[in-house]
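The structure appears right after this line, and notes come after that.
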Amino acid sequence: MNTSPGVQSHGDGRRLAAIVFTDIVGYSSRMQRDETGTRALAKVDLDQMRESAVRHGGEVLKSTGDGLL
Numbered sequence: 005m006n007t008s009p010g011v012q013s014h015g016d017g018r019r020l021a022a023i024v025f026t027d028i029v030g031y032s033s034r035m036q037r038d039e040t041g042t043r044a045l046a047k048v049d050l051d052q053m054r055e056s057a058v059r060h061g062g063e064v065l066k067s068t069g070d071g072l073l
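First residue of the sequence shown? That's 5 in the numbering used here, and the numbers climb one at a time after it.
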């Protein structure tokens with residue numbers, strides 16, 4: 005069985021995993037005030053979270069504007 009680092013594997017094919025959903029609080033109102041700045045900050049944060057997930061053996065399943073699963 006192929007498992008990612010940090011994911012516990014059981015002999016019967018089950019895996020233990022953590023699921024995280026993120027959302028930027030106030031994203032819509034921030035976008036109204038400063039779209040360019042908000043997009044830049046969101047990109048930095050989401051890129052860091054994506055890198056962290058990969059570094060710990062995880063993966064990003066979906067990204068939607070200000071959210072990440």
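In this text, a Cβ means the ideal position worked out from N, Cα and C, and glycines have one as well.
May I have the straight-line CA-CA distance separating residue i from residue j, to the nearest angstrom?
i	j	result
THR42	GLY61	29 Å
LEU65	MET35	24 Å
GLY17	GLU63	19 Å
GLY74	ARG19	Here the chain comprises residues numbered 5 to 73, so residue 74 is not present and cannot be evaluated.
ALA57	GLU39	27 Å
Where does the unbroken alpha helix (DSSP H) through residue i begin, and where does it stop?
i	result
ALA46	39-59
For residue i, does the three-state DSSP call read helix, strand or coil?
i	result
ARG18	coil
Bridge partners for residue i per DSSP, in chain order?
i	result
GLY69	GLY69 pairs with nothing; no bridge assigned.
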